[in-house]
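As numbered in our numbering, residues 1189 to 1460 make up the sequence shown, in order.
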Amino acid sequence: MSDNRIKVNADPDHLLDRIRCFALDMDGTIYLGEQWIDGARDFLKCVEETGRKYVFMTNNSSKSADVYYEKLERMGLKIRPEQLITSGHATVDYLKKNFAGKKVFLLGNPMLTAEFEKMGIPLDDEHPDLVITAFDTSLDYKKMCKVCDFVREGLPYIATHPDFNCPTETGFIPDAGSIHAFIEASTKRRPDKVIGKPNREIVAYTLKMTHCTEEETAMVGDRLYTDIAAGVNNGLTGIFVLSGEAQLKDLPDSDVKPHLIFDSVKQIIPYL
């Protein structure tokens, strides 16, 4: 479907009738900073009142699940652990399936390191079997030299997510993709596998956690190249909201075309 055929705040083909689960991006989709986007709480309430479910999905691997639980609770929403999907969680799931028992060099901050250890991933900074790179906000030159050494040796190289920049309330800061670019400049290698949105691995993990099928799941977000691509490229319904980063003017130049467009999640409520 070309973008000029998609009406904003409409569902002419009744795509939402089949949706049982909404996988929701967070910043720019549900909240901005620590402020709820107008109507977001009403949307979440309506999803549950109509017998559907929702999960939050984030690529940000610089924060542990507890950080998100605490933030949402400060904002007045208490969620269950199974309602939060992070690229870190999906990476751990991938490791347990494909590298069970293997020792990992993790380029990540202390919060992610503690979470990997808690979830049973053996970490080794000296003699690892593979390398995982995340959004490491504690990055220093010593760490960069070490990760490049291991990548240059040819160890399997997996990244939690691809984002080049992370939005903050004061602008953008370099994210995991920028770290990959540094490593590539030194080693001539890109990650062998990237787990987070828009890739299949985080979608497969989400479907496993929600017990829903692709046809029953909608991916809702404000970024075309991660959120919406994760949906439309993996058999989900891709819902683009205009409350965050990307806007309608970005659609003509995008290879990713959403199934539905709404000004915000508030406008989805009448179709539930």
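Where a beta carbon is used, it is the ideal one built from N, C-alpha and C, also for glycine. Just so it is clear, the structure is predicted and the values come from calculations on it, not from any experiment.
Could you check which residue in T1325, R1268 and D1443 has the C-alpha nearest to that of P1362?
Its Cα nearest to that of P1362, the residue T1325 stands out among T1325, R1268 and D1443.
Boundaries (first-last residue) of the alpha helix (DSSP H) holding V1235:
That run of the alpha helix (DSSP H) goes A1228 to E1237.
Beta bridge counterpart(s) of N1422 as assigned by DSSP
The partner list for N1422 (beta bridge, DSSP) is empty, contrary to what the question assumes.
Per DSSP, T1246 forms a beta bridge with which residues?
T1274
Taking 6 angstroms as the limit between beta carbons, can you name the residues of its chain near P1433, skipping five residues before and five after?
For clarity, residue 1433 is Glu in the given sequence; the question names Pro instead. Its chain contains G1216, D1410 and R1411 as the residues whose beta carbon lies nearer than 6 angstroms to that of E1433, once the 5 sequence neighbours on both sides are disregarded; these appear in chain order.
Straight-line Cα distance separating L1212 from H1368
26 angstroms
Residue interval of the alpha helix (DSSP H) (run including Y1393)
R1388 to T1398
Do the segment 1340 to 1359 and the segment 1313 to 1322 touch if we need at least three Cβ pairs shorter than 8 angstroms?
yes
Within a Cβ cutoff of 6 angstroms, which residues of the same chain sit near A1417, ignoring the five residues on either side of it in sequence?
P1386 and V1444
Counted within 10 angstroms of its Cβ, other Cβ atoms place P1269 as buried (16 or more) or exposed
exposed
Grab the span of the alpha helix (DSSP H) containing L1152 for me, first residue to last.
Residue 1152 falls outside the range modelled here, since the chain spans only 1189 to 1460, and no answer is possible.
Excluding the 5 residues flanking Q1455 on each side, which residues of the same chain have their C-beta closer than 7 angstroms to its C-beta?
N1197
Express the C-alpha separation of G1359 and D1199 in angstroms, rounding to a whole number.
34 angstroms
Which of helix, strand or coil DSSP assigns to D1215:
strand
Return the CA-CA distance between K1306 and L1204, expressed in angstroms with no decimal places.
38 angstroms
Identify every residue that forms a DSSP beta bridge with G1409.
In DSSP, G1409 forms a bridge with F1428.
Cut-off 8 angstroms between Cβ atoms - residues of its own chain near I1383, not counting five sequence neighbours on either side
S1275, A1278, T1279, Y1282, I1346, A1347, T1348, H1349, E1389 and I1390
Whose CA, out of M1214, R1240 and I1194, lies closest to the CA of I1457?
R1240
Where do the N-terminal and C-terminal ends of the alpha helix (DSSP H) with L1203 fall, by residue?
Careful: L1203 lies outside any alpha helix (DSSP H) and carries neither H nor E.
From the DSSP output, in three-state form, read off N1286 for me.
Three-state result, N1286: helix.
Work out the CA separation of K1195 and K1284 for me, nearest whole Å.
43 angstroms
Exposure of K1528, with buried meaning 16 or more beta-carbon neighbours within 10 Å
Examination of residue 1528 is not possible in this model, given that the chain is present from 1189 through 1460 alone.
Hey, would you say F1293 sits closer than 9 angstroms to K1334, going by beta carbons?
Yes, Cβ-Cβ distance for F1293 and K1334 is below 9 angstroms.
Which of helix, strand or coil does DSSP assign to Q1435?
Here Q1435 carries a coil assignment [DSSP, helix/strand/coil].
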